[in-house]
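Residue numbers (the numbering used here): 9 to 290. Ideal Cβ positions, reconstructed from N, Cα and C, are used throughout, including at glycine. Predicted model only: the values in this text are computed from it and were never measured. Beneath this line is the structure, given in structure tokens, with notes to follow.
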């Protein structure tokens with residue numbers, strides 16, 4: 009696992025680091041929901057450092073809503089760190105409450121995750137921990153409620169860590185994922201009220217892979233039936249416009265009739281605006 013710490017950290021971040029260590033050391037054994045993003049990666053790395061490999065198991069949920077390449081990323085990251093790891097299948101796609109894609113879709117997705125994680129945790133006499141951070145508390149996140157109801161713990165929240173602090177701490181630890189873009193489940197690209205299907209999830213996955221191939225650092229393709237709405241960081245909008253003909257060709261080849269570019273740029277949780285109260289942040 010990475011050993012070299014890069015530079016000094018602020019006093020506030022040091023205090024967060026200590027609180028995280030204290031929270032983890034109170035737990036005899038943990039099962040970490042490991043998506044491979046910076047939040048769950050920092051949590052898994054910290055647990056490994058605090059408890060040792062015999063007391064930590066990182067578990068990645070493999071399902072139709074996982075983007076291509078993500079499972080292998082988790083596998084290789086865990087191997088690099090000497091982090092015990094396994095993958096489990098989750099079956100949210102068989103739940104009608106999930107497929108209808110209401111505002112509570114994430115509840116049922118996380119409920120399916122806990123269905124898979126809890127038996128593993130019981131067998132190991134472990135606590136299930138998730139990489140929820142302080143910033144997540146202000147967004148529409150019904151999945152957090154599902155996880156809490158099923159007994160999951162949120163050590164990053166207990167430590168007071170927000171996304172910026174998590175990235176800073178991951179950089180300090182020399183974790184290569186410190187600046188990795190978030191990769192939420194593919195269903196988050198489908199507007200609420202549009203039924204989720206395996207075909208739609210695969211369509212989103214192919215579309216994002218195609219757009220990412222043009223060199224953008226982060227990508228979302230929102231799926232509106234025949235229309236694909238591309239989101240890239242604001243700083244990369246000019247590059248998207250310059251390659252508009254190629255982008256249109258790439259996505260129409262995948263079955264879309266119309267291709268649009270969101271001029272507001274990429275916004276994580278964008279589709280949650282439909283369910284958040286006015287004035288809420290995402």
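Which residue's Cα is closest to the Cα of residue 170: 77, 145, 194?
Nearest C-alpha to residue 170: 145.
Can you list, in chain order, the residues of its chain whose CB lies under 7 Å from that of residue 287, leaving out five sequence neighbours each side?
In this prediction, residue 287 has a pLDDT of 40, which is less than 50 and means its spatial position is unreliable; what the coordinates show is noted afterwards. Exclusion of the five residues before and after residue 287 leaves no residue of its chain whose Cβ lies closer than 7 Å to its Cβ.
Which residues mark the beginning and the end of the alpha helix (DSSP H) in which residue 81 is found?
Run containing residue 81: 78 to 89, per the alpha helix (DSSP H) assignment.
Could you tell me if residue 130 is buried or exposed, where buried requires 16 or more neighbouring beta carbons within 10 angstroms of its beta carbon?
Taking a 10 Å sphere around the C-beta of residue 130, we find fewer than 16 other C-beta atoms and assign the residue as exposed.
Leaving out five residues before and five after residue 82 in sequence, what residues of the same chain have Cβ atoms less than 8 Å from its Cβ?
Contacts found: 42, 43, 44, 66, 68, 93, 95.
DSSP state of residue 269 mapped onto helix, strand, coil
Strand, per DSSP.
In angstroms, rounded to a whole number, what distance separates the CA positions of residue 181 and residue 162?
Linking residue 181 to residue 162 through their CA atoms gives a straight-line distance of about 20 Å.
Cutoff 7 Å; reference residue 153; Cβ partners in own chain excluding five residues on either side:
Residues of the same chain with a CB within less than 7 Å of the CB of residue 153, apart from the 5 flanking positions on each side, are 115 in chain order.
Quick one: what does DSSP say residue 30 is sitting in, helix, strand or coil?
Helix.
Every unbroken beta strand (DSSP E) within the stretch 97 to 155, with a cutoff of 3 residues, ordered by chain
For the stretch 97 to 155, whole beta strand (DSSP E) runs of length 3 or above, ordered along the chain, are 135 to 137.
My guess is that residue 132 and residue 37 are in contact by the Cβ rule of under 8 Å, so how many angstroms apart are they, rounded?
Under the criterion of beta carbons closer than 8 Å, residue 132 and residue 37 qualify as touching, at roughly 6 Å.
For residue 47, collect the residues of the same chain with a Cβ closer than 8 Å to its Cβ; drop the 5 residues on either side in sequence, then sort them by chain order.
Closer than 8 Å at the Cβ level, and outside the excluded window around residue 47, lie 139, 140, 141, 164, 171, 174.
With distances taken from CA atoms, which of 60, 89, 111 is nearest residue 203?
Taking each of 60, 89, 111 in turn and checking the Cα distance to residue 203, the smallest one comes out for 111.
Excluding sequence positions up to five away, which residues of its chain have a Cβ less than 7 Å from the Cβ of residue 120?
Within the same chain, and ignoring the five residues on either side of residue 120 in sequence, the residues whose Cβ sits closer than 7 Å to its Cβ are 98, 99, 100, 103.
Just to confirm, are residue 259 and residue 249 a CB contact at a threshold of 8 Å?
With respect to residue 249, residue 259 sits apart: the two C-beta atoms are not nearer than 8 Å.
Under the rule that 16 or more other beta-carbon atoms within 10 Å means buried, what is residue 106, buried or exposed?
Looking at its Cβ environment, which holds 16 or more other Cβ atoms inside 10 Å, residue 106 is buried.
Per DSSP, which residues does residue 204 bridge with? Please list them.
Residue 204 is not bridged to any residue.
With distance defined between alpha-carbon atoms, name the residue in 224, 261, 209, 197 nearest to residue 237.
It is 197 whose Cα lies nearest to the Cα of residue 237.
What's the C-alpha gap between residue 219 and residue 265?
Distance between the alpha carbons of residue 219 and residue 265 is about 16 Å.
First and last residue of the alpha helix (DSSP H) that includes residue 226?
Where residue 226 is concerned, there is no enclosing alpha helix (DSSP H), given that its DSSP letter is neither H nor E.
What residue does the alpha helix (DSSP H) around residue 166 start on, and which one ends it?
Where residue 166 is concerned, the enclosing alpha helix (DSSP H) starts and stops at 163 to 166.
Assigned exposure category for residue 71 - 16 Cβ within 10 Å defines buried
By the 10 Å Cβ count, residue 71 comes out buried.
From the DSSP output, in three-state form, read off residue 238 for me.
Residue 238 sits in a strand when the DSSP states are folded into three classes.
Based on DSSP bridge pairs, tell me the residues matched to residue 260.
None; residue 260 has no bridge partner.
Quick one: grab the DSSP three-state call for residue 181.
In the structure shown, residue 181 falls within a coil segment according to DSSP collapsed to helix, strand and coil.
Helix, strand or coil at residue 217 [DSSP, three-state]
In this structure, residue 217 counts as helix in the three-state DSSP scheme.
What are the uninterrupted segments assigned as alpha helix (DSSP H) that are 4 or more residues long and contained completely in the stretch 33 to 78, given in chain order?
Listed in chain order, the alpha helix (DSSP H) runs fully inside the stretch 33 to 78 are 46 to 59, counting runs of at least 4 residues.
Cross-strand partners of residue 94 (DSSP beta bridge)
Beta-bridge pairing links residue 94 to 67.
DSSP beta-bridge partners for residue 232?
Answer by DSSP bridge pairing, in chain order: 235.
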